[in-house]
Amino acid sequence: MSLRTHYTSEIKPEDNGKEVIIAGWIHRIRDLGGVRFLIIRDMKDTIQVTIKKGEVPQDLLEITEKLREECVVTVKGIVKANRIAPKGREIIPKEIKVLDKPVENLPISISSKTEIGLDTRLNYRVLDLRRPEVLAIFKIQSKLVEGMEEYLIEQKFYKVFTPCIIGAASEGGSEVFPVIYFNRSAFLRQDPQLHRQLVVISGLDRIYDLGPSWRAELSHTPRHLCEHRGCAVEMGFIKDEYDIMRVQENLIVRGIMKVKKECGEELELLNKKLEVPSTPFPELRFPDVYDILEAYGKKIPFGEDYDRESELILAKYVKEKYKSDFFFVNRFPFKVKPFYVMKVDEDPQWARSVDLIYKGLELSSGGQREHRYEKIIEQIKEKGISLLSLQWFTDFFKYGAPPHGGFNIGIERLTMQLLDLSNIREATLFPRTPERLLP
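If you count the sequence shown from 1, position 67 lands on 65 in the numbering used here, and the numbers rise without skipping.
So this is what it looks like as structure tokens:
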């Protein structure tokens, strides 16, 4: 049984005269002579508790005199409609119980609007999360993912849980974290994709995974993390990469619609107004991308990948031409993509590989995978990768695999761009970076 009968957000002026019990932290205390106001905060909202001398028992007054901000309390009292109180209601207390008190002064303020540096905030992340405007980010993130999941479930996708410890680096290279695994080499996964592909060819051909991935990158930019979460989707029996693109854009739209519908107060707290993007998202293709970039003064050698500056230029171009913050980039040069992407059969220097860009930042990479065993082997050799190191994966393609593809949307990146946050760490509960392993 809960210590509370109501969250603060559930208490309305129409509840005038009703007895309630709330539980939370003392967010702020104001003394105005004969009246003391306690602002009580829970995960939903805040409410004013009003203590007037002569109208409450003496022992209650004595309790409130010993209170300080961030004490953990329960308050039993009567709801009173009051048009000058926040949201038109307050509680007149009958009983206040102190569940816990801070044993020392807080290192950062919870109720003050004073600007606090991000490093300091992350050092005291648990306290930082008590700030309503910070907590609002993660309420929005939760609803964003919930909306995306609702869409996937409606479209008959199954949630799966693929392994986080793997026996071989999924994308090669050195950007992996080795782990101690008895007497064998193992790594934290860079992406759940290869195992998602195996699930699809096992017969469960519409799946998604919401787990973490890791990259041992010494990146110090505002958009990189060593540990991140993704909405990773894989689907079989596709015609081409456009099936993947349609699912991806609808997924994004549903997530944003969910936030707009259910996070009005959080968006207001962050001073954000969201627009649901129009679909289909614009698409840019290689090699046309080279011409667009050159028109903006950016020269990329033919057949090479673009860089961060190019993403921003392309975003500007799409915004000007299509009035969209979202767009796909398709048909990358095969030589800059991993072995598992499908080449365009009629022009094999290009791949059915798709990036999704949002406000100038890559949200996901994906596209159609190569499902034909002989082609997979050929492409592994072309990339100069040991066949033996991938035999655990490739052998299963000997037994028949459907055309398939997928993508992995970075949840923290999507949250950051949606809310125009300046740093991805703000969209991560406990960020992991080259410098930060605690808390």
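All C-beta atoms, glycine included, are put in the ideal place defined by N, C-alpha and C.
Cβ-Cβ distance between residue i and residue j below 8 Å
i	j	result
VAL334	GLU302	yes
GLU239	GLY365	yes
ASP207	PRO400	no
PRO161	ARG87	no
GLU309	GLU368	no
PHE185	ILE164	yes
LEU223	PRO429	yes
VAL54	PRO91	yes
ILE24	VAL101	no
GLN347	PRO331	yes
ILE242	VAL352	yes
VAL47	GLY75	yes
PHE284	ARG221	no
ILE254	PRO275	yes
SER387	ALA166	yes
ILE20	ILE38	yes
PHE395	ILE374	yes
Cβ-based neighbour list, residue i, same chain, cut-off 6 Å, excluding 5 preceding and 5 following
i	result
LYS99	CYS69
ILE49	ARG34, THR62
TYR320	PRO280
TYR315	ILE290
ILE106	ILE114, TYR122, LEU125
GLU448	Since the displayed the chain opens at -1 and closes at 437, residue 448 lies outside it and no answer follows.
ILE250	none
SER362	LEU354, PHE405, ASN406, ILE407
Where the beta strand (DSSP E) through residue i begins and ends
i	result
TYR294	Run containing TYR294: none; DSSP gives neither H nor E here.
LEU97	87 to 98
SER140	Careful: SER140 lies outside any beta strand (DSSP E), inside the alpha helix (DSSP H) at 130 to 152.
TYR356	351 to 356
VAL327	324 to 328
THR44	44 to 50
LEU359	359 to 366
LEU36	33 to 39
ASP29	17 to 30
Continuous alpha helix (DSSP H) stretch holding residue i: start and end
i	result
GLY262	262 to 267
ALA442	Residue 442 lies beyond the stretch modelled for the chain, which goes from -1 to 437, so this question has no answer here.
LEU192	191 to 200
THR392	389 to 392
GLU376	371 to 380
ARG411	409 to 416
GLN347	Unbroken run through GLN347: none, as it is neither H nor E.
VAL124	123 to 126
ASP207	ASP207 -> not in any alpha helix (DSSP H); beta strand (DSSP E) instead, spanning 204 to 207.
THR62	56 to 63
Any chain D beta carbon closer than 8 Å to residue i
i	result
VAL257	The structure shown contains no chain D; it holds only a single protein chain.
Pick from the options that is closest to residue i, judged by C-alpha positions
i	options	result
ARG244	LEU272, PRO432, LEU354	LEU354
SER322	ILE409, LEU412, GLU273	GLU273
GLU433	LEU104, PRO130, HIS218	HIS218
LYS64	VAL96, ARG119, ALA21, ASN80	VAL96
GLY31	ILE76, GLY52, ILE409	GLY52
LYS317	PRO130, GLN195, GLY358, LEU120	GLY358
VAL225	ASP241, GLN188, GLU247, GLY234	Before going further, note that residue 225 is Glu rather than Val in the sequence given. Of the listed residues, the one whose Cα sits closest to GLU225 is GLN188.
LEU419	VAL77, VAL18, LEU116, THR44	LEU116
VAL77	GLU247, LEU58, GLU67, TYR5	TYR5
ILE151	ASN103, ARG81, ASN248, ARG119	ASN248
TRP390	ARG28, THR44, LEU192, LYS154	LEU192
TYR397	LYS297, SER110, GLU372	GLU372
PHE159	PHE175, GLN195, ARG128, PRO84	GLN195
VAL287	LEU312, ARG306, GLY295	LEU312
LYS271	ARG81, LEU416, PHE324, GLU410	LEU416
ARG128	ILE9, THR44, ASP57, VAL143	THR44
ASP29	SER7, GLU67, ALA21, SER0	GLU67
ILE89	SER110, TYR304, THR118, VAL18	VAL18
Proximal residues to residue i (C-beta, below 8 Å), its chain only, five neighbours per side dropped
i	result
ARG252	GLY145, MET146, GLU148, TYR149
MET233	PHE155, VAL198, ASP203, ARG204, ILE205, ASP241, ILE242, VAL245, HIS402, GLY403, GLY404
PRO413	The sequence shown places Thr at residue 413, rather than the Pro named in the question. If we look at THR413 and ignore the five residues flanking it on each side, its Cβ neighbours are ILE135, ILE138, GLN139, LEU142, LEU419, ALA425.
Nonlocal neighbours in the same chain, by C-beta distance under 7 Å from residue i, ignoring five residues either side
i	result
ILE236	ILE242, GLN366, PRO401, HIS402, GLY403
LYS42	TYR5, THR6, SER7
* Asked: Any chance the region 405 to 412 sits against the region 229 to 236, with 3 or more Cβ pairs inside 8 Å?
  -> yes
* Should the region 176 to 188 be called in touch with the region 263 to 281, which here means at least 3 C-beta pairs below 8 Å? -> no
* Quick check: the region 382 to 395 against the region 208 to 227, are there 3 or more CB pairs under 8 Å? -> no
* Asked: Contact between the region 130 to 139 and the region 185 to 203: three or more CB pairs below 8 Å?
  -> no
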